[in-house]
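Colleague: Please see the structure below; I have some questions.
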Amino acid sequence: MEKQDQLLMKKQNRLLVLELIRTMSPISRIQLSKVTKMSPTSITRIVQELQEEGFVRESLIESTSIGRRPTLLELCPDVLYTIGVELDRRIVRVGLVDFLGELVDFKIFQRKSQESYRETLNNIHEKTLQIINENHIELKKVIGLGVGLPGSIDYEKGIVKISEQLQWGNIPLADDLKELTTHNVIIDNELKMKIIAENTIGQSIDSDNCILLGIGSGIGAAILLHGEVHRGTSNNAGEIGHTVIDPNGLICHCGKVGCLSTYISESAIIADANKVKPIHSIEEVYDAYRSKETWACNIMDRVTTYIALAVSNMACLYEPEYIILSGHLIDELPGIGKFIEEKCDRYIWQSIRQNLKIVYSKLGSEGVVRGAAIQAQKVLLDL
Numbered sequence: 070m071e072k073q074d075q076l077l078m079k080k081q082n083r084l085l086v087l088e089l090i091r092t093m094s095p096i097s098r099i100q101l102s103k104v105t106k107m108s109p110t111s112i113t114r115i116v117q118e119l120q121e122e123g124f125v126r127e128s129l130i131e132s133t134s135i136g137r138r139p140t141l142l143e144l145c146p147d148v149l150y151t152i153g154v155e156l157d158r159r160i161v162r163v164g165l166v167d168f169l170g171e172l173v174d175f176k177i178f179q180r181k182s183q184e185s186y187r188e189t190l191n192n193i194h195e196k197t198l199q200i201i202n203e204n205h206i207e208l209k210k211v212i213g214l215g216v217g218l219p220g221s222i223d224y225e226k227g228i229v230k231i232s233e234q235l236q237w238g239n240i241p242l243a244d245d246l247k248e249l250t251t252h253n254v255i256i257d258n259e260l261k262m263k264i265i266a267e268n269t270i271g272q273s274i275d276s277d278n279c280i281l282l283g284i285g286s287g288i289g290a291a292i293l294l295h296g297e298v299h300r301g302t303s304n305n306a307g308e309i310g311h312t313v314i315d316p317n318g319l320i321c322h323c324g325k326v327g328c329l330s331t332y333i334s335e336s337a338i339i340a341d342a343n344k345v346k347p348i349h350s351i352e353e354v355y356d357a358y359r360s361k362e363t364w365a366c367n368i369m370d371r372v373t374t375y376i377a378l379a380v381s382n383m384a385c386l387y388e389p390e391y392i393i394l395s396g397h398l399i400d401e402l403p404g405i406g407k408f409i410e411e412k413c414d415r416y417i418w419q420s421i422r423q424n425l426k427i428v429y430s431k432l433g434s435e436g437v438v439r440g441a442a443i444q445a446q447k448v449l450l451d452l
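Under the numbering used here, the sequence shown has 183 at position 114, and the numbering climbs by one with no breaks.
Right under this line is the structure:
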C-alpha cells in the first residue's frame, strides 16, 4: 500500500510539473521549485525524466548584461498528438492537436442526413487516417481520439444514451471507434468538450467558474465549477433547453409543455417566420434580420429576450465569473450580442450582474474539436 501511495504521488508530481511548464513556459527549475514547494533536487530529477521521455526541452532567453543566461524549460509540441472530432447532424469536423494544444490541421466534411451509424464510424476512421498521414505523424505518437456530439452521453462508459440530432440511442461509440481505429477513445457532450477549450485556450482561461451557452439548433449549457466540469447525477447538467418557462406554452418534443427550446431553437424561429411568409431555412431569417425586415426583427427581439432570461437564471444559480455565448446564432449575427447584453442588464440581479462578464466565443467551428482533443490528452496521457 505504501509503495502504491508513493507511485501515485510521483505521478501527481510529474503531472503538476508538466502542467506548470505548460501554463508558465518558459520557466526555470528554481521557479518550479518555488511554486510547487518541492526541493530543487526533486524538481531536477522530475525534469530530467521528462526530458529523457521527450516531453520537455530547454530553451535559452536573451543574454543579460551580467551573469549567466538562465536555462528555461518548455514543452515539446511534437512529442504526442490527439485527434478531436465533432459530430453533428450534417457535419463532421476533425482536428489534429499537438501537445501544446495547438491545432495542427483541421478539416470539415459533410455528413449525409440519412447516413448509418457504421457509415459514420467508417468515415471518421478514414478522415482520421487522412489527417495523420497528410501531416506525416507517426501513429505511435497519436495517443487517442476525443469525440464531442450532441445528446445525453455516458462519458465514463463511452455510450451515447440518446442523441436526437443523430438519431442514435444506447450506442457504445467509444468501444466501436476504438475497435475500428485502434486508438483509445473518449466521448462527451459537445458543449462540455467546448468549455474545456474555452477554459484552456479561450475566453475563460483565468476562471475556475464559468458557463458556456450554445445557441443553435437548440440551446444548452456547459458548467465549470471550481475548475471541473459540473455534470450532475447522469451528465445532464446544463440541459437548459428543457427548463419550463411557460406552463401554458407549446409542446416540446420531450413531451413537456413550455420548454425554453420551443421558443429559442432554430425550428421554433422558422415556424414563427412561416406565420408571416414561406421560410425554409434559418439563414433566410438571419438575412431578413440583417435587412431589418420588421417581422424578422420582432422574432429576434423575442429570441434575445429568452436568451437573456436563460443567462439571468444561470447567473443567479451559479454566480460564475464568465458566461460565454456561442453557437450558430452568435456566429452568424455577431451584432445581436449588444441586444442580449442590454436585456441582461434589465433582468439579472444587480448584485450578480456587476461581477459577471458576458463574453463571446472566438473559437468558431474549431471549439468542440479543440476541446475534445485537449480533453483526450488530459484523460489518456499516462505518465
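The beta carbon of each residue, even a glycine, is placed where N, CA and C say it ideally should be.
Please classify TRP237: is it buried, with 16 or more other beta-carbons within 10 angstroms of its beta-carbon, or exposed?
Modeller: Stepping through the sequence shown from its first residue, residue 237 is reached at position 168. It counts as buried.
Colleague: By a C-beta neighbour count over all protein chains shown, 10 Å radius and 16 as the cutoff for buried, is MET78 buried or exposed?
Modeller: In the sequence shown, the residue the question calls residue 78 occupies position 9. Result: exposed.
Colleague: I'd like to confirm the pairing. Which residues does DSSP put opposite SER395 in its beta bridges?
Modeller: As a working note, residue 395 is residue 326 in the sequence shown. Beta-bridge analysis with DSSP links SER395 to GLY283.
Colleague: Distance check for VAL154 and LEU246, CA to CA, integer angstroms please.
Modeller: Position 177 of the sequence shown holds residue 246. Position 85 of the sequence shown holds residue 154. Roughly 12 Å between the two C-alpha positions.
Colleague: Mapping the DSSP letters down to three states, classify ILE274 as helix, strand or coil.
Modeller: Numbered from its first residue, the sequence shown carries residue 274 at position 205. In this structure, ILE274 counts as coil in the three-state DSSP scheme.
Colleague: Runs of 3 residues minimum, wholly inside the segment 356-441: which ones carry the beta strand (DSSP E) assignment?
Modeller: 391-395, 426-429
Colleague: Whole-angstrom Cβ separation of GLY217 and SER232, contact assumed at under 8 Å?
Modeller: Along the sequence shown, one-based indexing puts residue 217 at 148. Along the sequence shown, one-based indexing puts residue 232 at 163. Between SER232 and GLY217 the Cβ distance is about 11 Å, and since that is not below 8 Å, they are no contact.
Colleague: So, using beta-carbon positions, are ARG15 and VAL166 closer together than 8 Å?
Modeller: An answer regarding residue 15 cannot be provided, because it is not within the stretch 70 to 452 covered by the chain.
Colleague: Taking all protein chains shown into account, do 16 or more other C-beta atoms lie within 10 angstroms of the C-beta of HIS252, making it buried, or fewer, making it exposed?
Modeller: Walking along the sequence shown from the start, residue 252 turns up at place 183. Answer is buried; the Cβ neighbour count reaches 16.
Colleague: Could you check whether GLU143 and PRO95 sit closer than 8 Å to each other, using their CB atoms as the reference points?
Modeller: Position 26 of the sequence shown, counting from 1, holds the residue named residue 95. Position 74 of the sequence shown, counting from 1, holds the residue named residue 143. It is a contact, given that the beta carbons lie within the stated cut-off.
Colleague: In angstroms with no decimal places, state the Cα-to-Cα distance between TYR387 and HIS299.
Modeller: Here the question's residue 387 lines up with position 318 in the sequence shown. Here the question's residue 299 lines up with position 230 in the sequence shown. Between TYR387 and HIS299, the C-alpha separation is close to 11 Å.
Colleague: For the alpha helix (DSSP H) holding HIS194, just list the boundary residues, first then last.
Modeller: In the sequence shown, the residue the question calls residue 194 occupies position 125. 186-203 is the extent of the alpha helix (DSSP H) around HIS194.
Colleague: For SER303 and ASP223, I'd like the C-alpha separation in whole angstroms.
Modeller: Looking up residue 303 in the sequence shown gives position 234. Looking up residue 223 in the sequence shown gives position 154. Cα to Cα, SER303 sits roughly 7 Å from ASP223.
Colleague: SER221 bridges to which residues according to DSSP?
Modeller: Your numbering for residue 221 matches position 152 in the sequence shown. Per DSSP, ILE231.
Colleague: Going by Cα to Cα distance, which pick from ALA266, THR197, LEU190 is closest to PRO241?
Modeller: Counting from one through the sequence shown, the residue named residue 241 turns up at place 172. Cα-wise, what sits closest to PRO241 is LEU190.
Colleague: Just list the residues that DSSP pairs ASP147 with in beta bridges.
Modeller: Locating residue 147 in the sequence shown gives position 78, where the first residue counts as 1. For ASP147, which the question treats as bridged, DSSP gives no partner whatsoever.
Colleague: Below 8 Å on the Cβ atoms is my contact criterion, and I expect LEU432 with GLY271 to pass it. Report the Cβ-Cβ distance as a whole number of Å.
Modeller: In the sequence shown, the residue the question calls residue 432 occupies position 363. In the sequence shown, the residue the question calls residue 271 occupies position 202. The pair is a contact, with the Cβ atoms about 5 Å apart (cut-off 8 Å).
Colleague: Across the segment 312-326 and the segment 267-281, are there enough close Cβ pairs to call them in contact, namely three or more that are closer than 8 Å?
Modeller: no
Colleague: Residue range of the alpha helix (DSSP H) that ALA245 falls in?
Modeller: Locating residue 245 in the sequence shown gives position 176, counting from the first residue. Checking the displayed sequence, the identity of residue 245 turns out to be Asp instead of Ala. Looking at the DSSP string, the run of the alpha helix (DSSP H) that includes ASP245 is 242-250.
Colleague: Just to confirm, is the Cβ distance from ILE427 to ILE399 under 8 Å?
Modeller: Your numbering for residue 427 matches position 358 in the sequence shown. Your numbering for residue 399 matches position 330 in the sequence shown. Remark: C-beta atoms of ILE427 and ILE399 do not approach each other more closely than 8 Å.
Colleague: Whose CA, out of ILE200, TRP364, ALA357, lies closest to the CA of VAL345?
Modeller: Translated into the one-based positions of the sequence shown, residue 345 becomes position 276. When only C-alpha atoms are compared, the closest one is TRP364.
Colleague: Residues bridged to ILE255 by DSSP?
Modeller: Along the sequence shown, read from residue 1 onward, the residue named residue 255 stands at position 186. By DSSP's assignment, ILE255 forms a beta bridge with GLY215.
Colleague: Terminal residues of the continuous alpha helix (DSSP H) containing LEU329?
Modeller: Along the sequence shown, read from residue 1 onward, the residue named residue 329 stands at position 260. Looking at the DSSP string, LEU329 is not in any alpha helix (DSSP H), and its letter there is neither H nor E.
Colleague: For GLY301 and ALA445, I'd like the C-alpha separation in whole angstroms.
Modeller: Sequence index remark: in the sequence shown, residue 301 carries index 232 (1-based). Sequence index remark: in the sequence shown, residue 445 carries index 376 (1-based). Cα to Cα, the separation comes out at about 21 Å.
Colleague: Could you tell me which residues DSSP pairs with LYS176 in its beta bridges?
Modeller: Residue 176 sits at position 107 when you count from the first residue of the sequence shown. In the DSSP output, where bridge partners are listed per residue, LYS176 has VAL163.
Colleague: Can you grab the Cα-Cα spacing for the pair ALA266 / ALA441, in whole Å?
Modeller: The residue given as residue 266 occupies position 197 in the sequence shown. The residue given as residue 441 occupies position 372 in the sequence shown. Rounded to whole angstroms, ALA266 to ALA441 spans 8 Å at the Cα level.
Colleague: If you drop the 5 nearest sequence neighbours on each side, which residues of the same chain put their C-beta closer than 7 Å to that of ASP244?
Modeller: Taking the sequence shown and counting its residues from 1, the one referred to as residue 244 is at position 175. Cβ within range, chain order: GLY227.
Colleague: Can you say whether ALA337 is buried or exposed, counting buried as having 16 or more other CB atoms within 10 angstroms of its CB?
Modeller: Taking the first residue of the sequence shown as position 1, residue 337 is located at position 268. By the 10 Å Cβ count, ALA337 comes out buried.
Colleague: What does the alpha-carbon distance come out to for the pair LEU329 and ARG187?
Modeller: To locate residue 329, count along the sequence shown from 1; it is residue 260. To locate residue 187, count along the sequence shown from 1; it is residue 118. Spanning the two alpha carbons is a distance of roughly 33 Å.
Colleague: Taking the CB atoms as reference points, tell me whether PHE124 and CYS145 lie closer together than 8 Å.
Modeller: What you label residue 124 is simply residue 55 of the sequence shown in a count that begins at 1. What you label residue 145 is simply residue 76 of the sequence shown in a count that begins at 1. Cβ distance < 8 Å, so PHE124 and CYS145 count as in contact.
Colleague: Have a look at ILE351 and GLU335 and give me their C-alpha separation to the nearest angstrom.
Modeller: Here residue 351 corresponds to residue number 282 of the sequence shown, with the count starting at 1. Here residue 335 corresponds to residue number 266 of the sequence shown, with the count starting at 1. Those two C-alpha atoms are separated by around 6 Å.
Colleague: Can you find the residues in the same chain that come closer than 8 Å, C-beta to C-beta, to ILE314, ignoring five residues on each side of it along the sequence?
Modeller: As a position in the sequence shown, residue 314 is number 245, starting the count at 1. The answer, listed in chain order, is GLY327, CYS328, LEU329, TYR332, TYR375, LEU378.
Colleague: Going by DSSP, which residues form a beta bridge with VAL298?
Modeller: Walking along the sequence shown from the start, residue 298 turns up at place 229. Looking at the DSSP assignment, VAL298 forms a beta bridge with LEU293.
Colleague: Assign ASN239 to one of three DSSP states: helix, strand, or coil.
Modeller: Your numbering for residue 239 matches position 170 in the sequence shown. In the structure shown, ASN239 sits in a strand (DSSP, three-state: E or B).
Colleague: Provide the residue span of the alpha helix (DSSP H) that contains ASP341, from first to last.
Modeller: Stepping through the sequence shown from its first residue, residue 341 is reached at position 272. First-last of the alpha helix (DSSP H) with ASP341: 335-342.
Colleague: Could you have a look at ASN443 and say whether DSSP puts it in helix, strand or coil?
Modeller: Taking the first residue of the sequence shown as 1, we reach residue 443 at position 374. Reading the sequence as shown, one finds Ile at residue 443 and not Asn. In this structure, ILE443 counts as helix in the three-state DSSP scheme.
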